[in-house]
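Beneath this line is the structure, given in structure tokens, with notes to follow.
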Amino acid sequence: MKINLFLVGFVVSTIFCSAQISTTRMNDFKIGMFPSDLFKLIGNKAAAIAIDTEFSIVNKGIEYTLYVGDGYLSGENGGAYLKSISTTSKNIKTLSGLGIGSTLDDLWNAYSTKYYVFINKEIEGI
Numbered sequence: 052m053k054i055n056l057f058l059v060g061f062v063v064s065t066i067f068c069s070a071q072i073s074t075t076r077m078n079d080f081k082i083g084m085f086p087s088d089l090f091k092l093i094g095n096k097a098a099a100i101a102i103d104t105e106f107s108i109v110n111k112g113i114e115y116t117l118y119v120g121d122g123y124l125s126g127e128n129g130g131a132y133l134k135s136i137s138t139t140s141k142n143i144k145t146l147s148g149l150g151i152g153s154t155l156d157d158l159w160n161a162y163s164t165k166y167y168v169f170i171n172k173e174i175e176g177i
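In my numbering, the protein residues as written are 52 to 177.
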């Protein structure tokens, strides 16, 4: 019985606490999304999204700052798309387990075996 409760708890926590983070995605938000797709995610709360606008929204209990602009990704002249996504939530983690509050040692441990990482400690302030 304890094992079943543990498995149920693990599955529920995985579904609700995991985040899909990459260089172009943060949970439901993806770089390149059109405003119409953003409206679907935020429940049509805004009447319009102006180009070159930064705004904050809360989605699934996490506050995000989104920036909508125009450019070549939209595929059309004057077309708008999601250009950047940011958050200060400590609930967001990368697949490597890094997030807000992670230390330099955490970063080093996660990536030093996969990539060549060099830190110039002679630079003032490090």
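Yeah, the Cβ is synthetic: ideal placement off N, Cα and C, and Gly gets one too.
Contact between the region 83 to 97 and the region 147 to 157 is not established, with fewer than three Cβ pairs separated by less than 8 Å. Distance from the CA of F106 to the CA of I82, rounded to the nearest whole angstrom, comes to 15 Å. For G150, same chain residues with a beta-carbon under 7 Å away, outside a window of 5 residues either side, are K141, I143, K144 in chain order. Beta-bridge pairing by DSSP links K81 to R76.
For K144, no alpha helix (DSSP H) run applies, since DSSP gives it neither H nor E. With respect to the C-alpha of G152, the residue from S163, T139, E173, T164 having the closest C-alpha is T139.
By DSSP's assignment, S135 forms a beta bridge with Y118. Restricting attention to S147, L146, M84, I72, the CA atom closest to the CA of Y118 is found in M84.
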